[in-house]
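For the sequence shown, the tail end lands on 384 under the UniProt record's numbering, and the numbers increase by one without skipping.
Don't be surprised by glycine CBs; every beta carbon is placed ideally from N, CA and C.
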Amino acid sequence: MSDAVVSKVTEMGGTNPAKVDLVASGFSYRQPATVRSTTHRMIRLPERANLTRYRGLCHVLRGLTADRQALIFANTTKEALAIARHPAVEALGVKPLHSDMPQSQRDWLLNSFRGRRIRFLVTTDLLSRGIDLPGLQYVILFRPPEDPTGYIHRAGRTGRAGEGGEVITLYDKGDWPMMQKIMEATKQNFENSSLPTEEELRSHAYAAVATEILSVPSSSWKCLEDIARELVSEGKAREVLARVVSLLNTDAQLQPKKSRVSLYSGVPDFTAVLISDFDHTLYPSVDALKSRVPCPLERVRKAEAGWVADAPNASVDYLIKSGAVEVNILDRVPKTFDAEKTKKARGRGVPWRHARELTKLRAAKARHKREARRSALREGMRMS
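Listed below in structure tokens is the structure:
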């Protein structure tokens, strides 16, 4: 960890701690903004195979300070659910709210968001108008809406009652024509920005720990003064503090810590990973998946959000950094399916998510045939 981070902890003094907002230009320490208007920002997603729109959203969310809330807009209910169920997004605590939910559940989610018990909420145009969300700092558009009017309504959720706010839109090359229409219709000055890098996110994570350390009440640390005095007795206070911050918040905030035993299978020296493929179209088979992965995979099984597998501990870092596939280290084991049983019957097959329904249908048809044969047999016996 750099001296700059340690200096920040020692110099902040515990009063009026600085905030860090990596979405803002410069990605550096700054005091809370006092601007009383809405800023419109657009972030173009890099054209890299290892950076999906979901991962871009995660970069933006992880770049916000810990006390900021964000309302994320998707264009459809299906997309909102896909966002909330993405493993990397779900790990950030993003909750979905859409029209297919019971009204009671929608009310509970909305009240929890207003009460700051939920930090990130992903929704559709259901919340784009007629809903008051006081103090909402960020509105994030997963992709541009289908028309400029939709943008105006979504952007109106922040910056209300004279408070400052930001609207951030993720877009790629194919979205640019709609972005041009939105800029022309709204007459707003859109700021171009880029996603924070992993190094910037790491610095942000350490800075968040600095703020958290200074917010600990004296009742919690007074009993540890003797231990602290002993640790710094040799004149290495800066080194000790750096070690403490490193223990509190290492790269584990950027990705889960690798285990020596697989969470999925319990096999030593392997790490359980999830390779994202929501519709199972990128890698339709185990062989297709293994051909894309630059390291060996063991015990590969199809799961709800992609493929679950064991990767050797020594190869996990390389697998993540290679960008060949979108991979996440598992902190819990998702439901898996037998890939062979979900192949299409008679060479035509059925998508894995319909396999259970197909099995039930076949069983019902078989029962119907058996009952029909028995009825015919009984009828024949009566006739004779």
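Cβ neighbour criterion (16 or more within 10 Å) applied to ARG154: As a position in the sequence shown, residue 154 is number 154, starting the count at 1. It is buried - the Cβ of ARG154 has at least 16 other Cβ atoms within 10 Å.
Per DSSP, cross-strand counterpart(s) of ASP310: The residue labelled residue 310 in the question sits at position 310 within the sequence shown. Paired residue(s): ALA272 and GLU298.
Nearest-angstrom Cα separation, counted from GLY135 out to ALA88: The residue you call residue 88 lines up with position 88 of the sequence shown. The residue you call residue 135 lines up with position 135 of the sequence shown. Straight through space, the alpha carbons of GLY135 and ALA88 are spaced by roughly 26 Å.
ILE72, DSSP secondary structure in three states: Your numbering for residue 72 matches position 72 in the sequence shown. Note: ILE72 maps to strand in three-state DSSP.
Status (buried if at least 16 other CB within 10 Å, exposed otherwise) for GLU379: What you label residue 379 is simply residue 379 of the sequence shown in a count that begins at 1. Exposed, because fewer than 16 other Cβ atoms sit within 10 Å of the Cβ of GLU379.
At least 3 beta-carbon pairs within less than 8 Å: the segment 139-147 vs the segment 97-114: Taking 8 Å as the limit for Cβ pairs, the verdict is that the segment 97-114 does not touch the segment 139-147.
Spatial distance of PRO96 from VAL325 (CA atoms): Your numbering for residue 96 matches position 96 in the sequence shown. Your numbering for residue 325 matches position 325 in the sequence shown. Computed Cα separation, rounded: 26 Å.
Minimum length 4: unbroken alpha helix (DSSP H) runs contained in the segment 90-128: 103-114
Stretch-stretch touch, CB-based, cutoff 8 Å, three pairs: the segment 124-132 with the segment 162-176: no
C-beta contact flag for VAL308 and THR336 at 8 Å: Within the sequence shown, the letter at position 308 stands for residue 308. Within the sequence shown, the letter at position 336 stands for residue 336. Yes.
Under the three-state DSSP convention, the category SER193 falls into: Stepping through the sequence shown from its first residue, residue 193 is reached at position 193. Note: SER193 maps to strand in three-state DSSP.
PHE278 vs ALA74 beta-carbon contact at 8 Å: The residue you call residue 278 lines up with position 278 of the sequence shown. The residue you call residue 74 lines up with position 74 of the sequence shown. No. Outside cutoff.
Span of the beta strand (DSSP E), counted from its first residue to its last, around ILE131: Locating residue 131 in the sequence shown gives position 131, where the first residue counts as 1. Careful: ILE131 lies outside any beta strand (DSSP E) and carries neither H nor E.
LYS369 classed as buried or exposed, judged by whether at least 16 other C-beta atoms fall within 10 angstroms: Residue numbering aside, residue 369 sits at position 369 when the sequence shown is read from its first letter. Exposed: under 16 other Cβ atoms inside 10 Å.
Classification of GLY63 by the beta-carbon crowding that lies within 10 angstroms, buried from 16 upward: Locating residue 63 in the sequence shown gives position 63, where the first residue counts as 1. Buried.
Span of the alpha helix (DSSP H) around ARG62: Here the question's residue 62 lines up with position 62 in the sequence shown. Residues 53-62.
Coarse secondary structure for ALA80, derived from DSSP in three states: Here residue 80 refers to the residue found at position 80 when the sequence shown is read from its first residue. It is helical.
Within 8 Å, strictly: CB atoms of ASP317 and ARG299: On the sequence shown, residue 317 is found 317 positions in, with the first residue counted as 1. On the sequence shown, residue 299 is found 299 positions in, with the first residue counted as 1. In this structure, ARG299 does not lie closer than 8 Å to ASP317 by Cβ.
Coil, strand or helix - ARG41 by DSSP: Here residue 41 refers to the residue found at position 41 of the sequence shown. In the displayed model, ARG41 falls within a strand according to three-state DSSP.
Beta-carbon spacing of CYS58, LEU110 below 8 Å: For this step, residue 58 is matched to residue 58 along the sequence shown. For this step, residue 110 is matched to residue 110 along the sequence shown. In terms of Cβ geometry, CYS58 and LEU110 do not form a close pair [threshold 8 Å].
Outcome for ILE72 when other beta-carbon atoms lying within 10 angstroms are tallied against a minimum of 16: Counting from 1 along the sequence shown, the entry for residue 72 is found at position 72. With 16 or more other Cβ atoms within 10 Å, it is buried.
Where LEU377 falls, given that 16 or more other Cβ within 10 Å makes a residue buried: Taking the first residue of the sequence shown as 1, we reach residue 377 at position 377. With fewer than 16 other Cβ atoms within 10 Å, it is exposed.
DSSP beta-bridge partners of THR169: Against the sequence shown, residue 169 aligns to sequence position 169. Beta-bridge pairing links THR169 to MET42 and LEU141.
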